[in-house]
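Q: In my numbering, the protein residues as written are 16 to 397.
Where a beta carbon is used, it is the ideal one built from N, C-alpha and C, also for glycine.
Note that the structure is predicted; figures quoted are calculated from it, not measured.
1. Thinking just about the alpha-carbon of each residue, which of 314, 162, 95 is nearest to the one in residue 205?
2. Among 152, 324, 249, which one has its Cα closest to the Cα of residue 290?
3. At a cut of 8 Å, does the stretch 268 to 280 reach the stretch 224 to 231 through at least three beta carbon pairs?
4. Does the Cβ of residue 317 have 16 or more other Cβ atoms within 10 Å, making it buried, or fewer, making it exposed?
5. Out of curiosity, what's the CA-to-CA distance linking residue 340 and residue 310?
6. Using three-state DSSP, classify residue 281 as helix, strand or coil.
7. Is the Cβ-Cβ distance between residue 186 and residue 165 less than 9 Å?
8. Does DSSP put residue 216 in a helix, in a strand, or in coil?
9. To which residues does DSSP link residue 337 through a beta bridge?
10. On the three-state DSSP scale, how would you describe residue 288?
11. Go through its chain and collect everything with a Cβ distance to residue 118's Cβ below 6 Å, but skip five positions before and after it.
12. Might you give, ordered along the chain, the residues of its own chain that have their beta carbon closer than 8 Å to the beta carbon of residue 178, omitting 5 neighbours on each side?
13. Between residue 125 and the rest of its own chain, which residues show a CB-CB distance below 7 Å, the 5 nearest in sequence each way excluded?
14. Beta strand (DSSP E) containing residue 115: first to last residue?
15. Ignore the nearest five residues each way along the sequence and tell me which others in residue 237's own chain have a CB closer than 6 Å to its CB.
16. When the distance is taken between beta carbons, is residue 271 closer than 9 Å to residue 200?
17. Bridge partners of residue 299, per DSSP?
18. According to DSSP, simplified to helix, strand and coil, what is residue 314?
19. Rounding to the nearest angstrom, what Cα-Cα distance links residue 96 and residue 350 in this structure?
20. Nearest-angstrom Cα distance between residue 262 and residue 255?
21. Considering only DSSP beta bridges, list what residue 186 is partnered with.
22. Any idea if residue 319 is buried or exposed, counting beta-carbon neighbours within 10 angstroms, 16 or more meaning buried?
23. Taking residue 196 as the reference, give the member of 242, 215, 134, 257 with the closest Cα.
24. Just how far apart, CA to CA, sit residue 303 and residue 245?
25. Whole angstroms is fine: what's the gap from residue 181's alpha carbon to residue 251's?
26. Count the other CB atoms within 10 Å of the CB of residue 219; is the residue buried (16 or more) or exposed (fewer)?
27. Are the beta-carbon atoms of residue 299 and residue 288 separated by less than 9 Å?
In structure tokens, the structure reads:
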């Protein structure tokens, strides 16, 4: 049996962060700016791009809700205002939370910040069409399991088959029966609730409530790719933890690990994710780079040392923090190997060229929207 944290240890939150620790579980306070029907209860931890943290997924993820925030959220992506209004009205009457996007670019932008339970996606839109958006949803760990219902006026069987082959769960042809569509949405949200609970367990560390190593292996490649190097990963080791297990037993060390995870969770920014990898090892994915990452490395190490010292568990551990950013053309595996072996912080950046655009023939490609969004987050412009 794992020892629960004491009340004081559970409430550690030096900067009044958006999460508190309650017996190792995550909770988003009601006044949190991340608490809305368009966000999952763990969206604060998975906003790169998915609960306790979710898959691949993943939840972002994707996305379980707490009983306090039990309103299923629907993202309506439709370029015709009248249809958007019709869908919003009928969904809200049935108790759903609704967010809207008028085109593909806005939809991709919203999918960075919200993890809807179901997406209603119009296929025929200007510039970035529904097929492009669907490929984006299915191509990212944070959103690949979000159910999608296609709204199509296309009568050709080939178009419907294409949408289903790209990963849509269902489709309706315009003009559609609103009652039938609402029933399809209800069925998908109920199925998603059940799936999310299973997904959450599969990517969550049971001792700390943070993401586990399985999700890190899924998540890191997409973050490195989409951020074009404008990110970093912190590797945190409680040196001496494994030795302490043999000397003091697992229960005492588990309490220390829980306390460390509470500190790490309290220090997470709005676009950072925490992972517990076992053996007193943690990781944090962040958008900090350069001098900011170096300052963060020193600050996090200091806070961990100060907070773990008063526990008086009789276990001597020394927190060590190493932060690294991707070098040019460095893979996520190479980055992970380097930071876990004590690699030095770099400010390497991957170049963004026209050739990286997934849809270069369009005025504004999906890749360009992703890159722009990451640059804004990097410089705090969100």
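A: Taking the coordinates as given:
1. For the options 314, 162, 95, the alpha carbon positioned closest to that of residue 205 is the one of 162.
2. Out of 152, 324, 249, 249 has the C-alpha closest to the C-alpha of residue 290.
3. Result yes; three or more Cβ-Cβ pairs closer than 8 Å.
4. So residue 317 ends up on the exposed side.
5. Each residue's alpha carbon lies about 14 Å from the other.
6. Correct three-state label for residue 281: helix.
7. Inclusion of residue 186 and residue 165 in the CB contact set at 9 Å is warranted, their separation being smaller than that value.
8. Residue 216 falls in the helix class under three-state DSSP.
9. For residue 337, DSSP records a beta bridge to 250.
10. Annotated three-state conformation of residue 288 is strand, per DSSP.
11. 94, 140.
12. These residues qualify, in order along the chain: 138, 145, 146, 149, 165, 167, 186.
13. Excluding positions up to five away in sequence, the list reads 90, 114, 116.
14. Start and end: 112 to 116.
15. Cβ neighbours of residue 237 beyond the five flanking positions: 155, 156.
16. At a Cβ-Cβ threshold of 9 Å, residue 200 and residue 271 do not count as neighbours.
17. Answer is 249, 289.
18. In this structure, residue 314 counts as helix in the three-state DSSP scheme.
19. Each residue's Cα considered, the two are about 45 Å apart.
20. Residue 262 and residue 255 have their C-alpha atoms spaced approximately 11 Å apart.
21. DSSP lists 165 as partners of residue 186.
22. The residue is buried, with at least 16 neighbouring Cβ atoms inside 10 Å.
23. Nearest of 242, 215, 134, 257 to residue 196, Cα basis: 134.
24. Counting only the Cα atoms, residue 245 lies some 8 Å from residue 303.
25. Computed Cα separation, rounded: 39 Å.
26. A buried status is given to residue 219, since no fewer than 16 other beta-carbon atoms sit within 10 Å of its beta-carbon.
27. When the beta-carbon positions are compared, residue 299 and residue 288 come within less than 9 Å of each other.
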